[in-house]
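Residue numbers (this note's numbering), protein chains in the order written: chain A, 7 to 129; chain B, 3 to 171.
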């Protein structure tokens, strides 16, 4: 039933409330006397040049993409990990192991390809 | 009762966040609205007792995929769109109210013909949406689709490497 999730919702509400109240409190309590120098963007003591939004290298996109692929892989491995003993008890451990092994193998090929192509290297 | 209240609360916040995402002029603000929307949808999954999917929704979508979105926003160097001053609130309100009336009419007509799908009942035990139940179906009955997902992820890896490592000379 939904009441089983009450601790979860309570924790989420607490975390959200703490974050928001800390943000708001420092805004309310902290003294603020801004001037032109103080509000300028910090750039190691120099006068700021150009915009803060520089274009990123496509390498970051590649790393993020590879991360998502293996993130999704771990998501699929999690149900296997938590019910591994159930499968063993039902005498299906070996079959499921082969299914998951093939899955990992297929993604391992992707990782190997990535390493060979130098996708994880930063020059 | 509480479940229905929670459903409507989450649904309204989800729709509002989706609208905020569309209306926001700054692409990063848009992305943050989308995070709120994804969180609300995770909450909706919880009200359906699908806790595994709900947590994955937060971990993968609100975590990993949003990082990718932010990378793309920064990659494309999107600037803030100029603020529009000529938003016609009367027309917007009329549109929303009109859609509301239309939805009610469609609902009543569909009810009278009894063609609406019955909503999934959330009265069953919490275990229905747990990782164990999912695993039992995924690794036995749906093993082939599971392997196809592996191939799909392989294609995604190779595609990303191909795109990013190509030399434009």
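All C-beta atoms in this analysis are idealised placements derived from N, C-alpha and C, irrespective of residue type, glycine included.
(request) Below 8 Å between beta carbons is the criterion; list the residues of the region 131-150 of chain B that meet it against any residue of chain A, in chain order. (result) Per Cβ criterion, the list reads 133, 134, 136, 137, 138, 140, 141, 142, 145, 148, 149.
(message) In the DSSP assignment, the alpha helix (DSSP H) including residue 89 (chain A) goes from what residue to what residue?
(response) On the first chain, residue 89 (chain A) is found 83 positions in, with the first residue counted as 1. That residue, residue 89 (chain A), is in no alpha helix (DSSP H); it is neither H nor E in DSSP.
(request) Would you mind reading off the limits of the alpha helix (DSSP H) that contains residue 117 (chain B)? (result) Residue mapping note: residue 117 (chain B) aligns to position 115 of the second chain, counting from 1. Taken as a continuous stretch (DSSP letters only), residue 117 (chain B) belongs to no alpha helix (DSSP H), as it is neither H nor E.
(request) Assign residue 171 (chain B) to one of two classes, buried (16 or more other C-beta atoms within 10 Å of its C-beta) or exposed (fewer than that). (result) Indexing the second chain from 1 puts residue 171 (chain B) at position 169. Caution is warranted here: a pLDDT of 45 is assigned to residue 171 (chain B), below 50, making its placement in the model unreliable, and no coordinate value can be reported.
(request) Report buried or exposed for residue 78 (chain A), applying the criterion of at least 16 other Cβ atoms within 10 angstroms of its Cβ. (result) Counting from one through the first chain, the residue named residue 78 (chain A) turns up at place 72. Buried: at least 16 other Cβ atoms inside 10 Å.
(request) Taking residue 127 (chain A) as the query, report the chain B residues whose CB atoms sit under 9 Å from its CB, ordered along the chain. (result) For the purposes of this step, residue 127 (chain A) is taken as the residue at position 121 of the first chain. Here the premise fails: no neighbours, minimum Cβ distance about 10 Å.
(request) Leaving out five residues on either side along the sequence, give the residues of the same chain with a beta carbon under 7 Å from the beta carbon of residue 59 (chain B). (result) Here residue 59 (chain B) refers to the residue found at position 57 of the second chain. Only residues of its own chain outside the window of five on either side were considered, and among them 40, 43, 44, 47 have a CB closer than 7 Å to the CB of residue 59 (chain B), listed in chain order.
(message) Assuming contact is defined by CB atoms lying nearer than 8 Å, are residue 163 (chain B) and residue 120 (chain A) in contact in what I supplied?
(response) The residue you call residue 163 (chain B) lines up with position 161 of the second chain. The residue you call residue 120 (chain A) lines up with position 114 of the first chain. Contact annotation: residue 163 (chain B) and residue 120 (chain A) have beta-carbon atoms nearer than 8 Å.
(message) Cβ closer than 7 Å: which chain A residues qualify as neighbours of residue 39 (chain B)?
(response) Locating residue 39 (chain B) in the second chain gives position 37, where the first residue counts as 1. The CB of residue 39 (chain B) never comes closer than 7 Å to any CB in chain A; the least such distance is about 16 Å.
(request) Please state whether DSSP places residue 49 (chain A) in a helix, a strand or coil. (result) The residue given as residue 49 (chain A) occupies position 43 in the first chain. Note: residue 49 (chain A) maps to coil in three-state DSSP.
(request) Can you pull the chain E residues whose beta carbon is under 9 Å from the beta carbon of residue 66 (chain B), in chain order? (result) This model lacks chain E altogether, as its protein chains are A and B.
(message) Can you tell me whether residue 50 (chain B) is helix, strand or coil according to DSSP?
(response) One-based indexing of the second chain puts residue 50 (chain B) at position 48. Residue 50 (chain B) falls in the coil class under three-state DSSP.
(request) Specify whether the region 26-38 of chain A and the region 32-39 of chain B touch according to this definition: at least 3 beta carbon pairs, one from each stretch, less than 8 Å apart. (result) Short answer: they don't touch.
(message) Quick check on the burial criterion: 16 or more other C-beta atoms within 10 angstroms. Buried or exposed for residue 68 (chain A)?
(response) In the first chain, counting from the first residue as 1, residue 68 (chain A) sits at position 62. Around the beta carbon of residue 68 (chain A), a 10 Å sphere encloses 16 or more other beta carbons of the protein chains shown; the residue is thus reported as buried.
(request) Buried or exposed for residue 156 (chain B), please, with buried defined as at least 16 other CB atoms from any protein chain shown within 10 angstroms of its CB. (result) For the purposes of this step, residue 156 (chain B) is taken as residue 154 along the second chain, with counting starting at 1. Per the 10 Å Cβ criterion, buried.
(message) Quick check for students: name the residue ranges of the alpha helix (DSSP H) that lie wholly in the region 131-170 of chain B, counting only runs of 4 or more.
(response) Runs of alpha helix (DSSP H) with 4 or more residues, each lying fully within the region 131-170 of chain B, are found at 133-138, 145-167, listed in chain order.
(message) Which same chain residues end up closer than 6 Å to residue 22 (chain B) when comparing Cβ atoms and leaving out the 5 residues on each side of it in sequence?
(response) In the second chain, residue 22 (chain B) corresponds to position 20, counting from 1. Excluding residues within five positions, the ones whose Cβ falls inside 6 Å are 35.
(request) Pick helix, strand or coil for residue 114 (chain A), following the three-state DSSP scheme. (result) Within the first chain, the letter at position 108 stands for residue 114 (chain A). If DSSP states are grouped into helix, strand and coil, residue 114 (chain A) belongs with the helices.
(request) At 7 Å on the CB atoms, spell out the chain B contacts of residue 65 (chain A), in chain order. (result) Here residue 65 (chain A) is taken as the residue at index 59 of the first chain, counted from 1. Simply 166.
(message) Any beta carbon of chain A sitting closer than 8 Å to that of residue 171 (chain B)?
(response) Against the second chain, residue 171 (chain B) aligns to sequence position 169. Caution applies to residue 171 (chain B), whose pLDDT of 45 falls short of 50 and renders its modelled position unreliable; the model cannot decide the point.
(request) Please check if any C-beta of chain A sits within less than 8 Å of the C-beta of residue 103 (chain B). (result) Position 101 of the second chain, counted from the start, is the residue given in the question as residue 103 (chain B). Answer no: the Cβ-Cβ gap between residue 103 (chain B) and chain A never drops below 8 Å.
(request) Report yes or no: do three or more beta-carbon pairs, one from the region 99-114 of chain A and one from the region 5-12 of chain B, lie closer than 8 Å? (result) With fewer than three CB-CB distances shorter than 8 Å, the region 99-114 of chain A does not count as touching the region 5-12 of chain B.
(request) Could you name the residues of chain B that residue 55 (chain A) contacts, counting a contact when the two beta carbons are closer than 9 Å? (result) Translated into positions along the first chain, residue 55 (chain A) becomes position 49. What residue 55 (chain A) touches in chain B: nothing, since even the nearest Cβ is about 17 Å away.
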